[in-house]
Structures are given as C-alpha cells and as structure tokens.
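Okay, so the sequence shown: first residue is 4 according to this note's numbering, each after it adds one.
Where is the CB? At the ideal position from N, CA and C, for every residue including glycine.
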Amino acid sequence: MKTVVIKLSGSLFTFDNGMSNIEKIIKTLEEITINPYNFRVVAVAGGGKLARTIQDVSRSFNADEAFLDQLGIDISRVHAKLLTCTTNSYHDVPQTLDEVIHSISSSKLVFSGGLSPGQSTNATAALIAERTKAELFINTTDVDGVFTSDPRKDNTAKLVESITIHDLLSKIIGDKMNAGAYDLMDLLSLKIIERSKIPTVITKCDSECIKSVISGNSTGTKITF
C-alpha cells in the first residue's frame with residue numbers, strides 16, 4: 004500500500020468558517036484511503052495563529068526558545084487530536100517518530116502534530132515522509148504554491164508550477180524567512196526532501212487541491228531534483 008504524508012497548514016485552524024473547511028479536508032483524507040486511491044495517510048497538523056500568539060505572549064515573559072518550541076508542539080498536537088474525531092482515524096496522536104511508524108500499520112488515518120523542539124511541523128512531516136518511504140509528500144499552505152513573490156502583497160506574483168530543490172533552497176535562504184513572509188517550507192524540511200529525493204508538491208490547504216494532487220493533476224508547485 005502506498006503512503007502519502009500531508010502537512011496541513013496551520014491556517015486551517017483559524018476556524019473562520021467554523022468546522023466547514025476541516026470537515027471537507029477530513030472527508031477528502033478518508034476518500035484517499037479507499038478505492039481507487041488506497042493510500043495510507045499521515046496528516047501533520049500545524050500550530051498556526053494560535054501557536055504564534057501564545058508563543059508571542061510567552062516570549063514577552065522571557066520564556067526561552069526551547070520552551071516556545073514545546074508550546075508550538077503542544078498546540079499542533081491539540082489540532083491533531085481534534086482531527087482524530089473521525090470515523091476511520093487512529094485515535095492516539097503519536098509523540099515520537101517510532102509511534103508514527105507503529106500507528107500507520109493500523110491502515111487508518113493518522114494525525115500527528117510536532118515531534119521535537121527545534122523542528123517546524125514542515126520538517127516533522129518531511130521526516131515522516133522520509134521514514135515511511137512515502138510515495139508522495141504534500142505540503143499545504145495558505146496560498147496556491149510557490150510564487151515569484153508573496154502573492155498576498157503583490158498582485159503581479161506568478162505561480163511557479165515546477166521548481167528545482169536547488170532553486171527553492173536559494174529562494175528560502177534569500178528571503179531569510181522574515182516575519183510575515185508567506186510560509187512555504189523551512190531550510191531543514193527542504194534538506195530532508197533533498198537528501199531522500201521525496202516526491203513533493205506544495206499546494207493550497209484545500210480539499211479539492213489535495214484530491215487533485217493525489218489524482219496526479221498539475222496543481223500547485225512540484226519540486227524537482
């Protein structure tokens with residue numbers, strides 16, 4: 004059975020439309036575990052705005068960065084636990100990489116949050132994809148993929164349908180991941196993808212976009228090697 008790892012953008016957990024967007028995502032994830040797709044699915048939840056807000060408050064109290072990392076992990080795990088309220092999901096949220104490997108043997112949907120301080124949930128998802136030898140890694144974000152510039156600030160920005168891992172690394176390093184920059188992937192996650200040549204697509208955190216990528220359609224940005 005093939006494995007797909009999907010990083011769910013933290014933007015999914017703003018609840019702007021109540022649970023509507025989450026319910027659509029869950030339905031799609033359930034669909035791709037059965038015919039004609041038959042994927043084992045691991046979905047990694049981001050911490051999103053809630054994590055950043057709580058981290059900012061904690062930082063004002065002089066909390067150290069490792070403590071802030073752990074807060075982010077805890078919040079992402081709460082988001083993952085929320086997603087386990089489905090009919091065909093593994094009901095424990097893995098705490099380690101080994102627990103993720105054990106949980107996918109159940110052939111149920113697996114929802115994970117962060118695993119280790121110092122790693123983004125993007126990097127966590129990439130590690131899971133590497134460890135599970137996933138046939139596909141889908142990194143979802145709040146925009147449609149990689150753009151020539153930040154599409155939220157520049158209406159002339161163009162979607163890049165395909166980009167080499169080298170060029171994407173150069174772009175991330177060049178942008179220096181400044182606060183407020185649109186979240187693609189961090190350096191660690193890209194290095195993991197590079198070393199194992201993990202088939203990766205960056206696309207919008209939307210049920211139809213995810214299904215389109217799973218179906219092999221050209222949606223978002225494909226990373227090439």
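I'd like to confirm the pairing. Which residues does DSSP put opposite residue i in its beta bridges?
i	result
T167	T227
K174	Answer by DSSP bridge pairing: none, since K174 is not bridged.
L162	F150
S115	V47
I9	A46, I141
S92	L112
How many whole angstroms separate the CB atoms of residue i and residue j, which I take to be in contact at a CB cut-off of 8 Å?
i	j	result
K207	D147	5 Å
F114	T151	F114 to T151, Cβ: 33 Å. No contact.
S123	K111	25 Å between Cβ atoms; not a contact.
L71	S61	6 Å
G51	S14	6 Å
Quick one: what does DSSP say residue i is sitting in, helix, strand or coil?
i	result
F42	strand
K207	strand
A184	At A184 the pLDDT is 40, less than 50, meaning the model places this residue with poor confidence; the figure from the coordinates comes in the next sentence. It is coil, neither helix nor strand.
R198	helix
D19	coil
With a CB to CB cut of under 6 Å and the five nearest residues on each side skipped, what residues in its chain are close to residue i?
i	result
I196	A129, T203
I57	L74
H94	T87
N181	Summary for N181: the model assigns pLDDT 38, below 50, so the residue's position carries little reliability, and this model does not support an answer.
K225	S165, V204
K214	T31
S237	Only positions 4 to 228 of the chain appear in the structure, and residue 237 is not among them; the question remains open.
L172	L193
Leaving out five residues on either side along the sequence, give the residues of the same chain with a beta carbon under 8 Å from the beta carbon of residue i.
i	result
T2	Any answer about residue 2 is impossible in this case: the structure gives the chain only from 4 up to 228.
T227	S165, I166, T167, I168
K120	In the sequence as displayed, the identity of residue 120 is Pro instead of Lys. Contacts found: A69, D72, Q73, I76.
V96	R80, A83, K84, T87, F114, S115, G116
Might you give, ordered along the chain, the residues of its own chain that have their beta carbon closer than 7 Å to the beta carbon of residue i, omitting 5 neighbours on each side?
i	result
E133	I195, S199, I201
E211	none
E102	none
N125	K10, N142, M188, D189, S192
Quiz item: If you pair each beta-carbon of the segment 25-44 with each one of the segment 62-69, do three or more pairs fall below 8 Å?
Solution: Segments in contact, no.
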